[in-house]
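Numbering (the UniProt record's numbering), first residue to last: 1 to 155. These notes concern the structure reproduced below.
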Amino acid sequence: MEDVLNLYHEPYDEKRPVICFDESSKALRGHERDPLPARPGAVARSDHRYKRNGKKRLHLSTEPLTGWVNVEITEKRRTTEWIDRMVELADIHYPDADCIRVVMDQLNTHKPTAFYQFFPPDSAQAYLDRFEFHYTPKRGSWLNMAEIEIGVLKR
Numbered sequence: 001m002e003d004v005l006n007l008y009h010e011p012y013d014e015k016r017p018v019i020c021f022d023e024s025s026k027a028l029r030g031h032e033r034d035p036l037p038a039r040p041g042a043v044a045r046s047d048h049r050y051k052r053n054g055k056k057r058l059h060l061s062t063e064p065l066t067g068w069v070n071v072e073i074t075e076k077r078r079t080t081e082w083i084d085r086m087v088e089l090a091d092i093h094y095p096d097a098d099c100i101r102v103v104m105d106q107l108n109t110h111k112p113t114a115f116y117q118f119f120p121p122d123s124a125q126a127y128l129d130r131f132e133f134h135y136t137p138k139r140g141s142w143l144n145m146a147e148i149e150i151g152v153l154k155r
């Protein structure tokens, strides 16, 4: 816990940004029956029944000290989607950063060694040299500011 808190306490350094990353799922639901139009002065009513329209995964990255937020929507939550988000951080959003410090939970898909499954050894090591991963403790995911952002989006 102290590791993450100490990281948040550091002053901003554009060459060593602190990025918080988290994932969430969202069930897509539709109406089985159309909602009834509201009468003047009343609230619209809808049936409690719904039709399932699948599920999407939300991948959120945020840099708390600058207010930058990026959200990507995918069909699945696999290691390949996590690798895609990390590569996007390194190549697109922070190409000039010396070290991208990422705060995230200990989800089974968040394995730095997975870079070797998707890239040749030299490329995998080059990416890993640009990252520093900081994990929230178990039952301490509330320390991840990306989780707070996701909570705001869900409201």
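Idealized CB from N, CA, C, for every residue including glycine. All figures in this text were calculated on a predicted structure; none of them were measured in a lab.
- Contact between the region 138-155 and the region 111-126 is absent, with fewer than three C-beta pairs closer than 8 Å.
- Secondary structure remark: continuous beta strand (DSSP E) runs of at least 3 residues inside the UniProt domain "Tc1-like transposase DDE" (17-155), in chain order: 18-31, 50-63, 68-74, 100-104 and 131-135.
- As the crow flies, the alpha-carbon of D91 is around 22 Å from that of Y135.
- When secondary structure is reduced to three states using DSSP, E2 falls in the helix class.
- If you draw a 10 Å sphere on the C-beta of D13, you find fewer than 16 other C-beta atoms in it, and that means exposed.
- Our two residues, T80 and S25, have alpha carbons roughly 16 Å apart in a direct line.
- In the three-state reduction of the DSSP assignment, Y12 falls in the coil class.
- Excluding five sequence positions before and after R29, the CB atoms of its chain that fall closer than 8 Å to its own CB belong to Y50, K51, R52 and N53, given in chain order.
- Residue W82 holds the alpha-carbon nearest to the alpha-carbon of S61 among W82, V43 and R33.
- D84 and G67 have their C-alpha atoms some 22 Å from each other.
- Of E63, K56 and L65, the smallest CA-CA separation from E72 is found for K56.
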